[in-house]
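Below is one structure, written out as structure tokens; the observations come after it.
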Amino acid sequence: MQTSNILAKIEAPLFREGIPDFRVGDTVRVHYRIVEGEKERIQVFQGVVLKRHRAGVRSTFTVRKVSFTVGVERIFLLHSPRIDKVEIVSRGVVRRSRLFYLRNLAGKAARVRDAKD
Amino acid sequence: MNQHPGIIGKKIGMTQIFSETGEVLRCTVVQAGCVVIGKRTLEKDGYSALILGLGERAERHTTKPLAGAFKKTGQTPKRIVRELRCSPEHAAKYELGQTLKVDEIFEVGQRVDAQGRSRGRGFSGVIRRWSFAGAVSSHGTHEYFRHGGSIGTNMTPGRTLPGLKMPGHYGDETVSALNLKIAKLLPEDDLILIEGPVPGPKNQLVTIRGAVKKRGGKGLPKPVQPTGKKKAG
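Chains A and B are the protein sequences, given in the same order. So for the first sequence, this note's numbering puts the first residue at 11; every next one is plus one. So for the second sequence, this note's numbering puts the first residue at 3; every next one is plus one.
Rendered as structure tokens:
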């Protein structure tokens, strides 16, 4: 879709800088700000990137982790001011852009090959 | 009648922005920049209103009577001309040729009504027009998939009741979206960001004015923010 110049101008200041170039299959740690009443704290969510939705300022990414044998997925807005930082834990080698097949796998099968191996 | 201050503008499209707390606001962008090209006064016309113009119109596309009206007030011809009813006090604030500034008329958080002309869908069936479910597609159905079904009973009353939802022309009518919230104002570009959708396609004329059901939508008590605290006990 063609974006109008006016919309591009509005969106331009919303883009965040300093986001590492992580890819699908990488394991990332997302430091996410959570406001509870008056207090603010940072929650870390670590997992495999299942999907990156590249759509300008509306870009999102999905992270999956297995927490106490229950699969948990979170969709983060890439440019959200609530994200404190994103760390890349390890690079993964994958052959597709959407890793939804991981949902049907468990345990040792549900691993992504590390780029270092 | 809605006599709250307003503007006419062009719908640019939709985008999203982040609020101060990091929440996403889905917004419609409207470009204002309308010019006062005339006034209606109580003494002369029996009511008060501002006549607003938007966009430039080429001289060769301007009819002689229209050109005369613009010449009288010493202005270039405008593409769109609309009257907005308003209070005499509001009309007195503006002079001919003055551009209505979005930050003077609106404030962030204000409730507004947006009026536009919806997309024309032509002659549409009941599924599109009235969100009917259609008929089952198996169990011996023959040439009866997107029909509306029965339109009434037999002898009593022996006619189809008025107002029944049937196929017909859909869209291309004036639609108002009420009580929308102003998310952001960009006075340097005459832009207004309104939370939520506004009727009509892009490049469409929209009228935005203070919310009629919120007494203009300004100066309302702020809604209580949920604190997110856990309940005691």
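Even for Gly, the Cβ is constructed at its ideal location relative to N, Cα and C. Bear in mind that the values here come from a model prediction, so they are computed numbers and not experimental data.
Residue i CB to nearest chain B CB: under 8 Å?
| i | result |
| --- | --- |
| A:P91 | yes |
| A:E21 | yes |
| A:S69 | no |
| A:I16 | yes |
| A:L24 | yes |
| A:L88 | no |
| A:I29 | no |
| A:D124 | no |
| A:R51 | no |
For residue i, which residues does DSSP report across the bridge?
| i | result |
| --- | --- |
| B:Y172 | B:G124 |
| A:F86 | A:F71 |
| A:T77 | It is Ser, not Thr, that sits at residue 77 of chain A in the sequence shown. BP columns for A:S77 point to A:V80. |
| B:E85 | B:I53 |
| B:Y96 | BP columns for B:Y96 are empty, so no partner. |
| A:I52 | A:R43 |
| B:A116 | B:A179 and B:I210 |
| B:K41 | B:L52 |
| B:F20 | B:V26 |
| B:R131 | Answer is none; B:R131 lacks a bridge partner. |
| B:L188 | B:L193 |
Chain A beta carbons: is any one of them nearer than 8 Å to that of residue i?
| i | result |
| --- | --- |
| B:V208 | no |
| B:K14 | Strictly speaking, residue 14 of chain B in this sequence is Ile, with Lys absent from that position. It does; some Cβ of chain A falls within 8 Å. |
| B:L56 | no |
| B:L163 | no |
| B:L68 | no |
If residue i and residue j are in contact, beta carbons under 8 Å, what's the gap, nearest whole angstrom?
| i | j | result |
| --- | --- | --- |
| B:D115 | B:L187 | Their Cβ separation, rounded to whole angstroms, is 17 Å, which puts B:D115 and B:L187 out of contact at 8 Å. |
| B:V208 | B:Q117 | 7 Å |
| B:V31 | A:I29 | Contact doesn't hold; Cβ gap of about 25 Å is too wide. |
| B:P199 | B:A185 | Actually they do not touch by this definition, with Cβ atoms about 13 Å apart. |
| B:L102 | B:V38 | 7 Å |
| A:Q56 | A:K75 | 6 Å |
| B:G124 | B:H171 | 7 Å |
| A:D36 | A:S100 | 7 Å |
| B:I82 | B:G55 | 7 Å |
| B:C29 | B:E145 | Incorrect: roughly 45 Å between the Cβ atoms, too far for contact. |
Using CA coordinates, which residue listed in the options is at the minimum distance from residue i?
| i | options | result |
| --- | --- | --- |
| A:R121 | A:V59, A:S14 and A:I98 | A:V59 |
| A:K61 | A:F78, A:E46, A:L88 and A:Q53 | A:L88 |
| A:S14 | B:R62, B:G11 and B:M16 | B:M16 |
| B:G11 | B:E190, B:Q33 and B:G24 | B:Q33 |
| B:I153 | B:G165, B:L182 and B:G142 | B:G165 |
| B:C36 | B:G57, B:D47 and B:R28 | B:G57 |
| A:E27 | A:S107, A:S77, A:V96 and A:F110 | A:V96 |
| B:H6 | B:V177, B:V138, B:P90 and B:D174 | B:P90 |
| A:L17 | B:I9, B:I14 and B:D47 | B:I14 |
| A:V34 | A:A22, A:E50, A:T70 and A:R51 | A:T70 |
| B:T176 | B:L182, B:L68, B:Q206 and B:D192 | B:Q206 |
| B:I129 | B:R121, B:P169 and B:V26 | B:P169 |
| A:F32 | A:L24, A:V73, A:R84 and A:I98 | A:I98 |
| A:V73 | A:H63, A:G117, A:I85 and A:F25 | A:I85 |
| A:V38 | A:G102, A:S107 and A:R106 | A:G102 |
| B:I9 | B:R217, B:S21 and B:A51 | B:A51 |
| A:R5 | B:L27, B:A69, B:E61 and B:T43 | Because chain A in this structure spans residues 11 to 127, residue 5 of chain A falls outside the shown range and cannot be described. |
| A:A65 | A:R108, A:F25 and A:A125 | A:F25 |
| A:E46 | B:T23, B:W132, B:A137 and B:L98 | B:T23 |
| A:I44 | A:A22, A:V82, A:P91 and A:H63 | A:P91 |
| B:E25 | A:I93, A:V104 and A:D124 | A:I93 |
What does residue i touch in chain E if you count any residue whose Cβ is under 9 Å from its own?
| i | result |
| --- | --- |
| B:I19 | Any reference to chain E falls outside this structure, whose protein chains are A and B. |
- Query: Between the stretch 21-48 of chain B and chain A, which residues of the former have CB atoms less than 8 Å from a CB of the latter, in chain order?
  - Reply: T23, G24, V26, V31 and Q33
- Query: Name the residues in the stretch 161-195 of chain B whose C-beta lies less than 9 Å from a C-beta of chain A; which are they?
  - Reply: K186, L188, D191, L193 and L195
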